[in-house]
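Chemist:
Numbering (our numbering), first residue to last: 2 to 414.
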């Protein structure tokens with residue numbers, strides 16, 4: 002339609018669902034002036050008509066007053082002209098924050114980056130860097146935004162597999178993909194989405210097993226076992242870890258980690274003697290541990306300060322070894338870095354319960370309140386579950402008023 006009079010301008014504006022106020026903001030022309038033009042009280046000049054066309058993506062009209070013989074604008078009615086006017090319309094709407102979602106998302110078309118025809122170490126290092134960045138972000142706070150970023154990196158990394166590369170490069174790429182997938186899977190588990198997490202972690206395990214990093218394979222199996230245990234299948238979790246422990250090539254540090262988590266699963270399965278045996282084996286492995294030979298990713302997790310104390314403390318708490326648990330959990334809290342927020346909270350919730358059980362109600366209440374405050378800034382289904390466990394423990398210890406107070410925290414929901 003060619004817009005030549007005010008009635009046409011008004012009809013086009015209404016079809017586009019744009020108010021006079023919005024159009025005024027887009028064009029810089031007052032709403033009162035536009036209203037008079039639409040009512041026929043003022044002349045619809047070529048400049049005003051062009052304002053409408055750009056803002057509403059309407060069909061153009063010949064504007065003899067503004068045409069130049071050297072204009073590079075597309076011919077009216079062509080596909081290029083339609084694209085141009087559509088984009089100008091979106092830009093005009095976006096300039097005042099009234100663009101609709103669908104046209105805006107079209108601006109992102111074509112951003113997907115295809116992998117190179119030949120994969121080398123630069124691409125592998127890029128995947129490793131993405132995994133390292135995401136791991137640090139996730140360990141600190143978690144959250145959906147970081148997970149979405151990691152998924153994009155993972156999708157691109159998986160495409161690299163189909164490209165030709167040297168075998169040493171392929172081994173390293175498989176380990177990098179395995180690490181990134183493990184971290185995404187673990188974050189998905191931490192959000193309480195157990196079934197998608199097990200699928201992602203199984204994919205991560207397959208990738209890690211194709212690479213040369215045996216500790217990564219074992220750690221991925223550990224994460225997978227935790228997901229199974231939380232689905233009410235702790236015996237399956239123990240079985241997965243037995244497979245991991247069958248690999249003699251894993252480091253003593255990771256072996257200790259696996260034994261500590263196996264002890265926790267045994268406690269959940271009601272097999273306390275087996276759990277205590279795994280505790281002993283974890284402590285033996287720690288005595289032989291050589292952190293200097295651990296892979297780079299393990300320095301954020303397995304061999305980071307306080308990690309083994311936290312893993313053993315959680316298991317001992319589950320096994321009912323309160324005195325030993327308190328020592329380990331206390332040591333973990335003293336040593337854990339600022340980037341291990343969720344692990345620190347898991348230790349703190351249990352220490353609060355232990356102190357109250359031992360008769361230090363004031364100290365335990367202080368720790369419980371501190372845990373609730375710290376958890377308010379953390380997105381984690383595990384931490385929320387731990388808070389509920391702590392509140393139940395407080396209630397069972399005869400402190401119902403404190404339990405009610407703590408239950409009011411949104412983090413415990």
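Where is the CB? At the ideal position from N, CA and C, for every residue including glycine.
How is the alpha helix (DSSP H) around residue 199 delimited, first residue to last?
Modeler: Segment 195-211, the alpha helix (DSSP H) holding residue 199.
Chemist: Looking only at its own chain, which residues have a Cβ that is under 6 Å from the Cβ of residue 383, when we skip the five neighbours before and after it?
Modeler: If we look at residue 383 and ignore the five residues flanking it on each side, its Cβ neighbours are 191.
Chemist: Rounding to the nearest angstrom, what Cα-Cα distance links residue 206 and residue 251 in this structure?
Modeler: 15 Å
Chemist: Under 6 Å Cβ to Cβ from residue 68, same chain only, skipping five residues before and after it: list those, please.
Modeler: Any reading at residue 68 needs caution, since the residue's pLDDT is 40, under 50, leaving its predicted position unreliable; the model's value is listed next. No residues qualify anywhere along the chain.
Chemist: Within the same chain, show all residues whose beta-carbon is closer than 8 Å to that of residue 187, passing over the 5 residues directly before and after it, in chain order.
Modeler: So the list reads 139, 198, 202 and 224, once near-sequence residues are dropped.
Chemist: By Cβ distance below 7 Å, which residues in the same chain neighbour residue 150 in space, the five residues on each side in sequence not counted?
Modeler: Cβ contact annotation for residue 150 (same chain, cutoff 7 Å, sequence separation greater than five): 135, in chain order.
Chemist: If I measure Cβ to Cβ from residue 319 and keep anything under 7 Å in the same chain, skipping five residues before and after, which residues do I get?
Modeler: Scanning its chain for C-beta atoms nearer than 7 Å, with the 5 sequence neighbours on each side dropped, one finds around residue 319 the residues 265, 268 and 269, in chain order.
Chemist: Just list the alpha helix (DSSP H) runs in the region 236-290, keeping only unbroken ones of 4 residues or longer that don't cross its boundaries, in chain order.
Modeler: Entirely contained in the region 236-290, the alpha helix (DSSP H) runs reaching 4 residues are, in chain order, 253-269 and 273-289.
Chemist: Pairs of beta-carbons, one from the region 254-263 and one from the region 298-316, closer than 8 Å: are there three or more?
Modeler: yes
Chemist: At which residues does the alpha helix (DSSP H) containing residue 185 begin and terminate?
Modeler: 168-191
Chemist: Could you check if residue 77 is buried or exposed, using at least 16 other CB atoms within 10 Å of its CB as the buried criterion?
Modeler: At residue 77 the pLDDT is 49, less than 50, meaning the model places this residue with poor confidence; the figure from the coordinates comes in the next sentence. Residue 77 sits exposed, since fewer than 16 C-beta atoms from the chains shown fall within 10 Å of its C-beta.
Chemist: Does residue 308 come out as helix, strand or coil in the three-state DSSP assignment?
Modeler: helix
Chemist: Could you pull out every residue in the same chain whose Cβ sits closer than 7 Å to the Cβ of residue 290, ignoring the five residues on either side in sequence?
Modeler: 253, 254 and 257
Chemist: Tell me the residue span of the alpha helix (DSSP H) that contains residue 401.
Modeler: 401-408
Chemist: On the DSSP letters alone, give me the boundaries of the alpha helix (DSSP H) that residue 424 sits inside.
Modeler: Past the edges of the chain, shown from 2 to 414, lies residue 424, and the structure says nothing about it.
Chemist: Following the continuous alpha helix (DSSP H) through residue 364, name the residue where it begins and the one where it ends.
Modeler: 362-376
Chemist: Under a Cβ-count criterion, where at least 16 other Cβ atoms within 10 Å of its own Cβ denotes burial, should residue 368 be classed as buried or exposed?
Modeler: buried
Chemist: In three-state DSSP terms, what is residue 123?
Modeler: helix
Chemist: Report back the beta-carbon spacing between residue 132 and residue 171 to the nearest angstrom; my notes put them in contact at under 8 Å.
Modeler: About 17 Å separates the two Cβ atoms, so there is no contact after all.
Chemist: If you run the structure through DSSP and keep just helix, strand and coil, what is residue 40?
Modeler: coil
Chemist: Residue 322 and residue 280 - do their beta-carbons sit closer together than 9 Å?
Modeler: yes
Chemist: Classify residue 398 as helix, strand or coil using the three-state DSSP reduction.
Modeler: coil
Chemist: Give me, in chain order, the residues of the same chain whose beta-carbon lies closer than 6 Å to that of residue 397; leave out the 5 immediate sequence neighbours on both sides.
Modeler: none
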